[in-house]
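There are 2 protein chains.
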Amino acid sequence: MAFASASNGAVRFTEEQEALVLKSWAIMKDDSANIGHRFFLKIFEVAPSARHLFSFLRNSDVPLEKNPNLKKHAMAVFVMTCEAAAQLRKTGRVTVRDTTIKRLGSTHFKNGVSDTHFEVARFALLETIKDGIPASMWSPEMKNAWGEAYEHLVAAIKEGMKPVALL
Amino acid sequence: MAFASASNGAVRFTEEQEALVLKSWAIMKDDSANIGHRFFLKIFEVAPSARHLFSFLRNSDVPLEKNPNLKKHAMAVFVMTCEAAAQLRKTGRVTVRDTTIKRLGSTHFKNGVSDTHFEVARFALLETIKDGIPASMWSPEMKNAWGEAYEHLVAAIKEGMKPVALL
């Protein structure tokens with residue numbers, strides 16, 4: 001599903017931002033399972049209670065670090081986030097697979113995900129990317145490019161979280 | 001006001017934990033203004049929307065880094081947090097100046113501070129202390145001691161956030 005920015009115009013994402021995202025994603029891609037896992041462990045380090053938002057963690061005694069469902073979920077979310085960022089400029093839209101953005105919106109709404117949770121995930125994502133690429137590649141511009149791409153994804157998910165107006 | 005742990009028993013805080021807190025607080029104390037400021041800037045780095053919880057930030061155009069009210073507030077909160085931690089074992093209670101814990105509870109309740117906000121502040125506090133003491137002094141035990149002291153303070157504030165039952 002394609003999703004335009006809140007203004008309903010095309011997403012603004014410069015060539016330079018796209019180049020930074022593509023360059024760093026190319027480096028991280030092959031290690032998505034581990035980097036995605038670290039992304040989620042960072043979220044839970046900052047906000048331990050966020051684990052209650054995930055059904056497969058609520059009813060599990062397995063430590064977070066060893067939970068296979070978390071590893072699988074974390075990789076899927078990380079890859080989706082990075083691919084949406086990588087395609088942002090080309091498509092001018094947040095692009096994820098069909099129906100996924102609707103499901104994401106509804107799941108996040110149902111589970112009571114708050115603005116602060118989205119912010120914690122943003123912080124965790126940027127910290128994880130910083131540690132996932134060579135130190136010489138990290139810069140304020142790189143941080144900004146990923147931060148903006150993430151904000152576009154969140155705007156799309158939040159749009160999907162809005163209850164449908166009843167006629 | 002003195003506040004016991006949730007179990008209404010004395011707070012458990014070991015001699016070792018107290019020693020770690022006292023040792024690191026002694027080093028940070030003289031630089032409380034700067035370290036406290038960094039503590040709050042870290043909170044806003046992780047959760048930018050948390051600035052709306054503070055009346056003196058909501059209506060200000062001054063950048064966070066330069067806001068004198070934030071500097072003042074941050075230092076007061078940091079010193080209170082560290083002093084409560086330093087006195088925890090000796091008193092067996094979270095001890096802050098008279099009426100402060102009630103005011104804290106009521107202010108946090110009124111402004112809609114959530115569990116996630118308290119978690120973000122915990123993460124920011126631990127990161128700030130890590131950077132505020134010599135690297136050789138930081139350890140899992142040090143992190144644990146400050147983390148536990150902070151949890152006791154938060155439990156006291158949350159107790160003060162509960163609406164008074166009506167008879």
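Protein chains in written order, with full-length UniProt numbering: chain A, 1 to 167; chain B, 1 to 167.
For glycine and all other residues, C-beta sits at the position ideal for the given N, C-alpha and C.
Values in this document were obtained by computation on a predicted structure and should not be read as measured data.
Nearest Cα to A124/B within the set E16/B, M28/B, E45/B, S106/B: E45/B. Against chain A, the beta carbon of F54/B has no neighbour under 9 Å; the closest one sits roughly 15 Å away. Interface residue (Cβ-Cβ distance to chain A less than 8 Å): F123/B is classified as such.
C-alpha of K66/B to C-alpha of D115/A: approximately 25 Å in a straight line. Burial check for E119/A: the Cβ neighbour count within 10 Å reaches 16 or more, so the residue is buried.
Take the alpha-carbon of T107/A and the one of R103/B: they are about 37 Å apart. I129/B is positioned such that its CB atom lies no closer than 8 Å to that of S32/B. When DSSP states are grouped into helix, strand and coil, V11/B belongs to the coil group. The Cβ of V79/A sits no closer than 8 Å to any Cβ of chain B.
Residues of the UniProt domain "Globin" (12-162) of chain B that bring their beta carbon within less than 8 Å of a beta carbon in chain A comprise E45, V46, A47, P48, S49, A50, S114, D115, T116, H117, E119, V120, F123, in sequence order. Rounded to whole angstroms, the separation of the alpha carbons of S60/B and H37/B is 17 Å. By the Cβ-count criterion, K42/A is buried, with 16 or more other Cβ atoms from all chains shown falling within 10 Å of its own Cβ. Judged by their CB atoms, L153/A and V94/A are nearer to each other than the 8 Å cut-off.
By the neighbour-count definition (other C-beta atoms within 10 Å, threshold 16), V96/A is a buried residue. Using a Cβ distance threshold of 8 Å, F13/B and A149/B count as a contacting pair.
Taking 4 residues as the minimum length, the alpha helix (DSSP H) runs contained wholly in the UniProt domain "Globin" (12-162) of chain A are 15-28, 32-46, 55-58, 68-91, 100-110, 115-132, 140-161, in order along the chain. Leaving aside the five residues that flank A47/B on each side, the residues in its chain whose CB is nearer than 6 Å to its CB run, in chain order, V120. CA-CA distance, I133/B to K143/B, rounds to 12 Å.
The Cβ atoms of Q17/A and A135/A do not sit closer than 8 Å to each other. Using a Cβ distance threshold of 8 Å, L53/A and V113/A count as a contacting pair. Relative to F40/A, the option among P140/A, R122/A, E151/A whose CA is nearest is R122/A.
Taking 8 Å as the cut-off, the beta carbon of G160/A is found no closer than this to the beta carbon of G92/A.
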